[in-house]
Amino acid sequence: MKCDEKKWGENVKKEVGQKIKELRLAKELTLKDLSEKADLSIGFLSQVERGMASIAVTSLEKIAQVLDVDLAFFFTLPQKHETNIMRSYEQEVFSVEESRFYYRLASDVEGKVLEPMLINLLPNQSREEISPYSHKGEEFVYVLEGVLTVFMGEEEYRLNPGDSIHMFSSVPHEWANFTNKLVKVLCVSTPVIFKGDKGKQRDRTEGN
Numbered sequence: 049m050k051c052d053e054k055k056w057g058e059n060v061k062k063e064v065g066q067k068i069k070e071l072r073l074a075k076e077l078t079l080k081d082l083s084e085k086a087d088l089s090i091g092f093l094s095q096v097e098r099g100m101a102s103i104a105v106t107s108l109e110k111i112a113q114v115l116d117v118d119l120a121f122f123f124t125l126p127q128k129h130e131t132n133i134m135r136s137y138e139q140e141v142f143s144v145e146e147s148r149f150y151y152r153l154a155s156d157v158e159g160k161v162l163e164p165m166l167i168n169l170l171p172n173q174s175r176e177e178i179s180p181y182s183h184k185g186e187e188f189v190y191v192l193e194g195v196l197t198v199f200m201g202e203e204e205y206r207l208n209p210g211d212s213i214h215m216f217s218s219v220p221h222e223w224a225n226f227t228n229k230l231v232k233v234l235c236v237s238t239p240v241i242f243k244g245d246k247g248k249q250r251d252r253t254e255g256n
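Going by our numbering, the first residue of the sequence shown is number 49, and it counts up by one from there.
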């Protein structure tokens with residue numbers, strides 16, 4: 049069953065916060081200890097543990113390193129599919145990257161080179177969040193719903209439903225949703241981004 053992204057996002061915040069707190073206590077670390085080791089403020093960590101604050105992937109990676117766990121430890125992830133067909137009711141949130149929810153549209157077929165995904169971008173992103181990055185490969189993006197802003201090199205484009213863009217990923221790029229409504233896009237990229245490692249975030253440093 050598909051879930052509402054906003055509600056799901058709140059559930060993720062609570063789940064992540066609870067797991068951080070449980071693991072921190074199990075390792076007999078105080079908030080101050082974790083704050084110093086992860087270079088994050090005590091107040092922020094306290095809010096995260098109580099599910100009251102969102103946390104960027106980069107910050108969560110710092111915490112994961114301090115607590116000696118993989119990033120995927122903090123997420124409840126879907127089961128692996130090994131057939132070539134994925135039914136609509138089998139689509140689950142595969143990964144969360146800040147304000148984006150990734151639904152994988154293909155199973156883990158051995159040797160595949162394409163990564164088809166449905167990506168939902170939550171509303172009201174700010175320009176301060178935009179950080180163009182580059183990597184190997186290509187991306188094709190088709191807007192299903194909402195207005196998507198695409199940054200590519202020095203250019204900025206607004207894509208409406210039915211619009212698409214095909215880009216070489218070696219050019220610094222980024223997407224954003226500056227509107228007050230959800231944006232849904234179909235994205236097909238190469239090479240495979242997640243490579244079967246559930247919960248693994250995209251490497252935004254490759255190729256930079």
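Where a beta carbon is used, it is the ideal one built from N, C-alpha and C, also for glycine.
The distance from the Cβ of P209 to that of V191 is about 5 Å, consistent with a contact at the 8 Å cut-off. Comparing alpha carbon positions, the residue from C235, R175, G201 closest to I167 is C235. One thing to note: E145 has its Cβ within 8 Å of the Cβ of V105.
A distance below 6 Å between beta-carbons, with the five flanking residues on each side excluded, links L71 to the following residues of its chain, in chain order: L115.
For M200, the beta-bridge partners assigned by DSSP are E203, H221.
With respect to the C-alpha of V231, the residue from F122, M215, R175, T197 having the closest C-alpha is T197. Taking the Cα positions, P220 is about 42 Å away from E76. Between the alpha carbons of S174 and V64 lies a distance of about 24 Å.
Here the alpha carbons of P171 and N228 stand approximately 5 Å from one another. For K232, the three-state secondary structure derived from DSSP is strand. Here G99 is not near K160, since their CB atoms are 8 Å or more apart.
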